[in-house]
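Using full-length UniProt numbering, read the sequence shown as starting at 1 and increasing by one per residue. The C-beta atom is built at its ideal place from N, Cα and C for all residues, glycine as well. Below: one structure, written as structure tokens.
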Amino acid sequence: MEDKGGDKMEKRKNQNNRGDRVKVYYNSGRNFLEVPVHEGIEVIDYKPYPVKPVSVVENAFKELFPLVKGKNSVAIIVDDHTRPTPIKDILPYLFNVLEVARVKERRIIVAFGTHNHPEEEYLVEKLGSDVINNEIVILHDAFDKTLNVYVGTTSLGNRVYLNKWAVNADFKMGIGSVFSSEIAGFTGGPKIVLPGIAADETIEFNHAYFNHSDIKAGFYEGNPIPRDMAEAARLLPID
């Protein structure tokens, strides 16, 4: 389950003198609702799933070296606080590669889409205090006409406006998570561009297809929304 912000919600059984109850966590585990469990309701407790340490990205980032070597500017587009990607743990490995490659300027662009900008504590939790204090961080604003520039039109007729700092960078890359999406098939990939760093009118055009008959979670075939997103991403493009 997910709340509106996309945070994973956990369910756990809680035995107490009031009978069986379940805690439903949201807001990255900061808050929860306590709900009584009635007869006939099954409570599913998520089992821990072993994951590889974040350090495995170190070897992957080494392959970036020949691609970024000699570049003047790099735009690092990251997903926002509503997604579980451990950005603050990943960035140090990327920074090491960029420094060895002597990249002169790097910017972190937080892909908010049309999400509201959060309080600073959420940004610190997502990016880390070192990044907040020492790096150039751009908080994408889909409604800022001066921030987004026209880059082209998709085959569906969507006029694509994207964050100018990403458009003007010599090298563009995105970091995000992949999981099922109700309207886009899956997250990740081109979704970091549209809706991530797109203007509101571009996002509205894309999302207006949400009632299309071929839209299903986890499916791309025939779905106009991810098709439009992919075309928009190629207009940037992500390197």
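Residues near residue i in its chain [Cβ-Cβ closer than 6 Å; skip 5 each side]
i, result
"Phe171", "Val68, Lys71, Val74 and Asp239"
"Asp89", "Val54"
"Pro190", "Met229, Ala230 and Ala233"
"Leu161", "According to the sequence provided, residue 161 is Tyr. The question's Leu does not apply to it. Asn148, Tyr150, Ala199 and Thr202, listed in sequence order."
Own chain residues within Cβ distance below 8 Å of residue i, not counting five before or after
i, result
"Glu105", "Asn72, Ser73, Val74 and Ile136"
"Phe61", "Tyr93, Leu94, Asn96 and Val97"
"His207", "Ile183, Pro195 and Ile225"
"Ala169", "Ser73, Val74, Ala75 and Arg107"
"Asn211", "none"
Per-residue burial, residue i [other beta carbons within 10 Å of its own, 16 or more giving buried]
i, result
"Lys126", "buried"
"Arg102", "exposed"
"Ser181", "buried"
"Val51", "exposed"
"Ala217", "exposed"
"Glu221", "exposed"
"Tyr150", "exposed"
"Asn31", "exposed"
"Met1", "With a pLDDT of only 37 at Met1, under the threshold of 50, the placement of this residue in the model should not be trusted, and no figure is reported."
"Val43", "exposed"
"Asn59", "exposed"
Contact under 9 Å by Cβ, residue i with residue j
i, j, result
"Pro237", "Phe186", "no"
"Leu139", "Lys164", "no"
"Val100", "Phe65", "yes"
"Pro118", "Asp79", "no"
"Ala111", "Val193", "yes"
Residue-level contact to chain B via CB, residue i, 9 Å cutoff
i, result
"Asn116", "Here chain B cannot be found, since the structure has a single protein chain."
Element boundaries [alpha helix (DSSP H), containing residue i]
i, result
"Val203", "In the sequence as displayed, the identity of residue 203 is Ile instead of Val. Segment Asp200 to His207, the alpha helix (DSSP H) holding Ile203."
"Phe95", "Ile87 to Val100"
"Ser155", "Here Ser155 belongs to no alpha helix (DSSP H), and DSSP marks it neither H nor E."
"Arg83", "Note, Arg83: premise wrong, no alpha helix (DSSP H); not H, not E."
"Leu67", "Phe65 to Val68"
"Val167", "Lys164 to Val167"
Same chain, Cβ closer than 7 Å to residue i, five either side skipped, listed in chain order
i, result
"Ser155", "Glu231"
"Ala166", "Ala75, Ile77, Ile109, Lys172, Ile197 and Leu236"
"Asp200", "Thr114, Ala142 and Phe143"
"Arg21", "Asn14, Glu34, Val35, Pro36 and Val37"
"Ser129", "none"
"Ile87", "Val78, Lys126, Leu127 and Ile175"
Beta strand (DSSP E) segment containing residue i, residue limits
i, result
"residue 241", "This structure cannot speak to residue 241, because the chain is shown only from 1 to 239."
"Asp45", "Where Asp45 is concerned, there is no enclosing beta strand (DSSP E), given that its DSSP letter is neither H nor E."
"Asp79", "Ser73 to Asp79"
"Lys172", "Phe171 to Ile175"
"Ala111", "Glu105 to Ala111"
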